[in-house]
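In the numbering used here, the protein residues as written are 4 to 371.
What follows is a set of notes on a single structure, which appears directly below.
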């Protein structure tokens, strides 16, 4: 239980604290804005004697007129303030933060966002849009999965069930082979545009050998691949020359290819064709080189393309025969020649071709 003496002590402390707060507020408002000029802030080591105000006690004004030293953690925010007067106006709740009428255009520009803040704001907006898009796509995928769950379940069961997977492949092969010449024409024209777009061809040629047999698969694959390369080469020199030129102008490998073609066009054309470069560079890139003529390019793609089309068609036909034999319960002996050719092509693609291409490019760099 509190005594009257304790209550009087508490009241004295409260009145004393209130007096201190009021005095601090009066001192804060007692310093005029024009007193902290840029000249005074430029020389913080000297104290500025402010003129006395008859309505207030000037002694307190001189005592608290000390140079302003910003806190290290506030350097970024205080960099926008040109003088101590602006700081006082900001602390009073007006001016820069309150948007007073006396704020000039220069002050508003000083408070504009810095480039780093704009970048952070842009990154936050992009991350928010990315998260929203990812969330939307996820919800859409979940909804489609629920609606077509039976179809997805049967598809996955087909892939993980070897017997059903084999039967599905055989059924698709029979459907394609039953179309006859129409299926061959559709495959050939489709393969032309496939090759012109620079997409991988080995899997497609193997599937053609499985569907149409060795001879028909080889013929359609070789014609389609050759015609697709010629189409890309022709477009690169006519309609798409400007676009291809802009894409290739900053490419270091293309600059080296041009230098090699200038030195030895035929050798360079063969090295590029057998190299590990993407198919687009092999077709469109070579179309920008003046040393490679159309007959030379046609010869190179035929010499390069026919052996690979032969191997992939044979591999597809052999796989198809083995699948059909397993359907009837028969077994076939291993094709040693075909296995050796596939092994040779694999070793050439992963070891020999990169080594030759690297040696050729290194030799061209040394000439520079």
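All residues carry an ideal CB built from backbone N, CA and C; glycine is no exception.
Contiguous beta strand (DSSP E) assignments of at least 3 residues, all confined to the segment 195–233 = none
Start-to-end residues for the alpha helix (DSSP H) that takes in residue 335 = Premise fails: residue 335 is in no alpha helix (DSSP H) and is neither H nor E.
Thinking just about the alpha-carbon of each residue, which of 369, 285 and 301 is nearest to the one in residue 226?
-> 301
Which residues in the same chain as residue 338 place their Cβ atom closer than 6 Å to its Cβ, once the five residues preceding and following it in sequence are excluded?
-> 321
Please go through the same chain and pick out, in chain order, the residues whose beta-carbon is closer than 6 Å to the beta-carbon of residue 209, but skip the five residues on each side of it.
-> 315, 318 and 319
Identify which residue in 136, 171 and 215 has its Cα closest to the Cα of residue 185.
-> 215
Roughly how many angstroms lie between the CA atoms of residue 221 and residue 309, to the nearest whole one?
-> 9 Å
For residue 306 and residue 293, the rounded distance between their alpha carbons | 21 Å
Residue 242 by DSSP, collapsed to three states: which one?
-> coil
By DSSP, does residue 275 sit in helix, in strand, or in coil?
-> helix
Given a cut-off of 9 Å, decide if residue 244 and residue 291 are closer than it, judged by their beta-carbon atoms.
-> yes
Is it buried or exposed for residue 228, if we count other Cβ within 10 angstroms and need 16 for buried?
-> buried
Quick one: what does DSSP say residue 280 is sitting in, helix, strand or coil?
-> coil
Residue 182 (DSSP reduced to helix, strand or coil) | coil
Compute the Euclidean distance between the alpha carbons of residue 241 and residue 141, then round it to the nearest angstrom.
-> 43 Å
Quick one: Cα of residue 288 to Cα of residue 330, how far?
-> 47 Å
Drop a sphere of 10 angstroms on the beta-carbon of residue 223, count the other beta-carbons inside from all chains shown, and report buried for 16 or more, exposed for fewer.
-> buried
Please say whether residue 234 and residue 199 have beta carbons closer to each other than 9 Å?
-> yes
Exposed or buried, what is residue 246 when buried is set at 16 or more other beta-carbons lying within 10 Å of its beta-carbon?
-> exposed
How many Å lie between residue 190 and residue 144 at the Cα?
-> 32 Å
Please list, in chain order, all residues of the same chain as residue 262 whose beta carbon is under 6 Å from its beta carbon, the five residues on each side excluded.
-> 367
Output yes or no for whether 9 Å exceeds the beta carbon distance between residue 204 and residue 278.
-> no
Look at the Cβ atom of residue 195, then the Cβ atom of residue 239, and state whether they are nearer than 9 Å.
-> no
Residue-chain proximity (residue 313, chain C), Cβ-Cβ < 9 Å | The chain inventory of the structure shown lacks chain C, comprising one protein chain alone.
Can the beta-carbon of residue 236 be found closer than 9 Å to that of residue 267?
-> no
What span of residues does the alpha helix (DSSP H) with residue 258 cover, start to end?
-> 255–266
Between the Cα of residue 356 and those of 335, 299, 280 and 312, spot the shortest distance and give me the residue it belongs to.
-> 280
Give the range of the alpha helix (DSSP H) segment to which residue 352 is assigned.
-> Premise fails: residue 352 is in no alpha helix (DSSP H) and is neither H nor E.
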